[in-house]
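Residue numbering for the sequence shown is 830 to 1245, as defined by the numbering used here. Backbone N, C-alpha and C define an ideal beta-carbon position, used for all residues, glycine too. Following: one structure in structure tokens, then a few remarks.
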Amino acid sequence: MVQNSHTLGIDFGTSNSAAGYFRDGKPQLITMDGGDTTLPTTFFFDFETRKTLIGEPANQALLSGAEGRFMRALKRVLGTSLMHEKRQLFNERISFVDIIGRFLAEIKSRAESESGLQFDKALSGRPVVFHGSDDPREDQAEADLRACYLAAGFEDVSFMAEPEAAAIASGALDQSGETGLIVDIGGGTSDFSVFRTCNGEVEILANHGIRIGGTDFDHDISFAQVMPLLGRGTLLRDVMGTGTKPAPNAIYNDLATWEKIPFLYTAQNRKMVADMVRQAEEMDKLNRLAEVLEDELGHEIAFGVEQGKISADKGLVDAAIPLNGIAPQLKAPLSGETLLELLTPYDTALRVAAQDTVKRAGLKYAQIDKVIYVGGSSLMSVVARAMNAQFPDATHSFSEVFTAVTDGLALAAGRA
């Protein structure tokens, strides 16, 4: 029997999403694919079955070579003009508001089926900043996300900064009165909150965020290590005369960017690359680029980059980015040393953002007792390296990396 309306806490993420609600004094997370409590924020529009797949089935459809269109990292599109552009998919023209709305509707349906409750209200996590604190797209991004929830069937939506939700979860678990720093490194943004616990309550002293996340790590790795194998940095002969010019970077930049990949497979881009092949001094590399566009292999490259990044970060001696979908045995080397060099600029950016957050709280760095890491990208060693250097005397905790935000949203939803 469906009960009265309740509030569902939802962490809609760039790479993964999760949801939970408050029951029996604690957060209850919704079971997703395979018994997991997180759901990949991915979509696959299967051209053969004309079905829309989400989560792990979407990932598997892509990797198995099914014919269709794959999308990921749509959270980064919030606030841009792309959100409301209508696109033809199957027999209808829909926008990204519709697509994300259907994803959120699936989460709502799973939550109601599992819990026996009716969720007409949503408490949604949101990054401290979507694009930047002074970016005019900030208000539009939240408005877009609200529209997605309403399209999913929720009647009321409220928002909470994601690191604030993680702080609530931490305060509920640890009532020691410590002053803590939440470091939430997601797929698209890095958010920070300074908080203090007192008598089981959490006081947020400062929030701050920057538009850096795991997809930015992936972009820089792909651009530096993979794109040269597809012709980046090679020379094209002039159509007239004997001169040469570098291959244009724009298409390689887009191919290395998760959210831009679905828009590359156009007749115009294929023709441009075909012209580049004819002018290429290293034709084999440009032919690979042409094949990537023709066979729509951009997301396979992106998943390979993610796999190589994780292997290199673990220090595996044979770490590399697999590219066998383009050519048998093709791979891009990625040593731990190369990864460190590529991600070092983010070390500085993350450290400065943490410093700014502590300053906004009116505290000194030494007053931070605990650093709590949230979000899958916080597991990258560049993050811990930056935070340990800045807060060497603090306790560093990774215990609830993937669920802290959802736990906090569920707890806050229960209090509401």
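Query: Boundaries of the beta strand (DSSP E) in which E921 is found, first to last residue; Result: 921 to 923
Query: Cβ distance (whole Å) where F1024 is taken to contact I1014 below 8 Å; Result: That belief does not hold up - the Cβ atoms of F1024 and I1014 are roughly 17 Å apart, past 8 Å.
Query: Close Cβ partners of D1047 (< 8 Å) along its chain, the five nearest in sequence each way excluded; Result: A1085, W1087, A1131, V1134, E1135, K1138
Query: Short Cβ contact (9 Å threshold) for G842 with P856; Result: no
Query: Sub-9 Å separation of A1035 and V1187 beta-carbons; Result: yes
Query: Candidates I928, L979, L946, R966, of which the one nearest S953 by Cα; Result: L979
Query: Own chain partners of R922 with C-beta closer than 8 Å, once the 5 adjacent residues on each side are dropped; Result: K915, R916
Query: E1170 (DSSP reduced to helix, strand or coil); Result: helix
Query: Test item: CB-CB of F872 and T881 under 9 Å; Result: yes
Query: For K1074, the nearest candidate out of Y1081, D1083, N1082, R1061 (CA to CA); Result: R1061
Query: Segment limits, alpha helix (DSSP H) that includes D1104; Result: 1096 to 1108
Query: Beta-ladder partner(s) of Y1202, from DSSP; Result: V1012
Query: Residue closest to R898, alpha-carbon to alpha-carbon, out of Q889, V906, K904, R905; Result: Q889
Query: The alpha helix (DSSP H) enclosing D1124, as first and last residue numbers; Result: 1112 to 1124
Query: Proximity of S944 and R879 at Cβ, strictly below 9 Å; Result: no
Query: Selected residue, minimal CA-CA separation from D985, among G1237, K950, G1000; Result: K950
Query: CA nearest to the CA of I859, picked from K937, I1050, V1055, G1029; Result: K937
Query: Cβ-based neighbour list, R975, same chain, cut-off 6 Å, excluding 5 preceding and 5 following; Result: V986
Query: Chain-order list of residues whose beta-carbon lies under 7 Å from that of E935 (same chain, five-residue window excluded); Result: I883
Query: Exposed unless 16 or more other CB atoms sit within 10 angstroms - verdict on F983; Result: buried
Query: contact_flag[the region 1212 to 1221, the region 1162 to 1179] where n(CB pairs < 8 Å) is 3 or more; Result: yes
Query: Residues of its chain near L868, where Cβ-Cβ distance is below 6 Å and the 5 sequence neighbours each way are ignored; Result: S846, M861, G884
Query: DSSP-derived helix/strand/coil call for F948; Result: strand
Query: Residues of its chain near A1233, where Cβ-Cβ distance is below 6 Å and the 5 sequence neighbours each way are ignored; Result: A995, A998, V1203
Query: Residues bridged to Q1054 (per DSSP); Result: According to DSSP, which records beta bridges pairwise, Q1054 is partnered with nothing at all.
Query: E1030 in three-state terms, based on DSSP; Result: strand
Query: For R916, the three-state DSSP class (helix, strand or coil); Result: strand
Query: Bridge partner(s) assigned by DSSP for F874; Result: T881, R898
Query: Cβ pair T1224, D1198 closer than 9 Å; Result: yes
Query: Residue range of the alpha helix (DSSP H) that includes Y1081; Result: 1079 to 1084
Query: Separation of A1103 from A1119, as counted between CA atoms; Result: 7 Å
Query: Rounded C-alpha distance that separates H835 from R939; Result: 14 Å
Query: Residue burial classification, R1107 (beta-carbon count within 10 angstroms, cutoff 16); Result: exposed
Query: Separation of M900 from V906, as counted between CA atoms; Result: 11 Å
Query: I1039 to T1018 span [Cα, whole Å]; Result: 6 Å
Query: Simplified DSSP state of T836, which is helix, strand or coil; Result: strand
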